[in-house]
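Reviewing the structure listed below.
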DNA sequence: TCAGGCTAACTGACTAGTCAGTACAAAAGC
DNA sequence: GCTTTTGTACTGACTAGTCAGTTAGCCTGA
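Chains as they are written, first to last, in the numbering used here: chain F, 63 to 295; chain H, 63 to 295.
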């Protein structure tokens, strides 16, 4: 029943995935074929896309390989031809996604400094969440799991993404580097954007993007903690 | 083999769950027996505790009823005697947890205003996460799922908890009420505390609690976005 | 013609949920 | 006082169904 599958068209189906510019950056960059970041094509991509869509609502263990095969329009055997196990399928999916995120953040920051850097990072992360909410949901639910076979590599990439924030923070607020708290503050900012971004997409999708970005930046601008600034520690 | 079970001792086993003060508040308050917030005792509590511990690392679909039964030290049948299905077991667990959170936040805010209110809320949420990381992880992974039978009631309680933040924000920053963005800002602050709190517990548990609270408040104090305040919209 | 890519049917381990039965305590009958 | 009944809480072997992973073979293009 090959009729179910698109006839190997859509091989480079990059919808909603990585913006053209960053895609170019990825291909031109030093990321070789075979690394987790190399963009899969054809069947492999169809499988990854289907997996992501299903996992976003049903979670990882709630998603069955049979469903993935059906959604991707391939036979179950193809899943195991392209990925050695369910675990590895999800590992590749997450590593690809989080890896791309780190790239995007680095690109967004460029050589901006201080406030501009943070604003650019928040905006880029928000856009990424908006363009790929499925991955955002998946990240939110997997990032603190400690029983996965792939946790080590996922943690590493997660750390890479957070580091982009942490560096910008350390620069904007040098005393946080002394206290070693830039990592925590990075998490804090990351969590703010992730949670507000998902709130937006899930509960108030009609709201314009800029309003959401403004609200997040507002909540990070101390307006909430108005009056006197906290005593510098 | 009745020997396996404790002889109906440990009936009111409240370890790590709700602090004594808040427990008193719950019992004295208007929350009647039979509502989701009523604290289960005996077998039911043992089952809920076991479920939470397992679900924190393995997720909901990754947790089997057989495991829960074993960990709780009861027979599988007892699970179904006390809860009509796996779904309802997890529903009760989540509703109990999120409901208690809303109570705690309301109590923490008291009639504080402005900056003090926000600081109290952030601190209370952080403490709650620290005293029950399992539930925090579970919340982080379930709060945006849209395929659960219980999503409606969970969303309602979630909204209740966020509203406590939103109200404090609306008061501290009246113009956000006009824009209808206090909900988003509440999510943002909530996400910041949740993510940073879990980062702390999972990756740097040796750090003192106050340092974490300070880092979070710092990230919400505009230090990051130093220099000029953003133009009020 | 043959190898790489894929398929369809199959397998066995596991899992949610069931149900006949046990334990035991508090009425109810005598 | 003692048996018998009733009700509640719990048990664990069992069933029907599901799911990850396997395998033998088909198809197509080089």
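Glycine residues also receive a C-beta, built at the ideal position from the N, C-alpha and C atoms. Note that the coordinates shown come from a computational prediction; the quantities given were computed from them, not determined experimentally.
| Check | Outcome |
| --- | --- |
| Among 202/F, 281/F, 215/F, 200/F, the one whose alpha carbon lies nearest that of residue 237/H | 281/F |
| Proximal chain F residues relative to residue 193/H, where beta-carbon distance stays under 7 Å | Neighbours of residue 193/H on chain F: none; closest Cβ ~16 Å, over 7 Å. |
| Residue 211/H classed as buried or exposed, judged by whether at least 16 other C-beta atoms fall within 10 angstroms | exposed |
| Cutoff 6 Å; reference residue 195/H; Cβ partners in own chain excluding five residues on either side | 263 |
| Endpoints, alpha helix (DSSP H) assigned at residue 262/H | 244 to 265 |
| Residue-chain proximity (residue 153/H, chain F), Cβ-Cβ < 7 Å | no |
| Three-state secondary structure assigned by DSSP to residue 281/H | helix |
| Boundaries (first-last residue) of the alpha helix (DSSP H) holding residue 217/H | 213 to 234 |
| Coil, strand or helix - residue 174/F by DSSP | coil |
| CA-to-CA distance, residue 167/H to residue 276/F, given in whole angstroms | 26 Å |
| Residues within the segment 231 to 252 of chain H neighbouring chain F, beta-carbon criterion of under 8 Å | 231, 234, 235, 238, 241, 243, 245, 246, 247, 249, 250, 251, 252 |
| Chain H within 7 Å of residue 261/F, Cβ atoms only | yes |
| Contacting residues, own chain, Cβ-Cβ under 8 Å from residue 128/H (five flanking each side not counted) | 138 |
| Amino acids of chain H, ordered along the chain, whose beta-carbon sits closer than 9 Å to that of residue 222/F | By Cβ distance, chain H contributes nothing, its closest Cβ being about 14 Å from residue 222/F, past 9 Å. |
| Status (buried if at least 16 other CB within 10 Å, exposed otherwise) for residue 126/H | exposed |
| Chain-ordered neighbours of residue 126/F on chain H, where CB pairs are closer than 9 Å | Going along chain H, no residue has its Cβ under 9 Å from residue 126/F, so there is no contact; the nearest lies around 10 Å. |
| C-beta neighbour in chain F for residue 272/H, strict 7 Å | no |
| Assigned secondary structure, residue 137/F (DSSP; H/G/I helix, E/B strand, else coil) | coil |
| Cutoff 7 Å: residue 120/F Cβ touching any chain H Cβ | yes |
| Exposure of residue 283/H, with buried meaning 16 or more beta-carbon neighbours within 10 Å | buried |
| Validate contact between the segment 245 to 259 of chain F and the segment 245 to 257 of chain H using beta carbons, cut 8 Å, 3 pairs | yes |
| Residue closest to residue 219/H, alpha-carbon to alpha-carbon, out of 201/H, 231/H, 135/H | 201/H |
| The segment 199 to 211 of chain H: positions lying closer than 9 Å to chain F by Cβ | 199, 202, 203, 204, 205, 206, 207, 208, 209 |
| Segment contact, 8 Å Cβ cut-off, at least three pairs: the segment 104 to 123 of chain F with the segment 178 to 197 of chain F | yes |
| Sequence-distant residues of the same chain with beta carbon closer than 8 Å to residue 84/H, five excluded per side | Residue placement at residue 84/H is flagged as unreliable, the pLDDT there being 31, under the threshold of 50; the coordinate-derived value follows with that caveat. So the qualifying residues of the chain are 162, 165, 166, 169. |
| Same chain only: Cβ atoms within 6 Å of residue 176/F, ignoring 5 sequence neighbours per side | 234 |
| Sub-7 Å separation of residue 136/F and residue 113/F beta-carbons | no |
| Cβ-based neighbour list, residue 191/H, same chain, cut-off 6 Å, excluding 5 preceding and 5 following | 198, 259 |
| Any non-hydrogen atom of the ligand NAD within 6 Å of residue 171/H CB | No copy of the ligand NAD occurs in the structure displayed, which carries no ligand at all. |
| Nearest to residue 145/F (by Cα), restricted to the options 185/F, 278/F, 107/F | 107/F |
| Residue range of the unbroken alpha helix (DSSP H) whose run includes residue 204/F | 195 to 204 |
| Near-chain H residues of the segment 164 to 198 of chain F - C-beta to any C-beta below 8 Å | 176, 177, 180, 181 |
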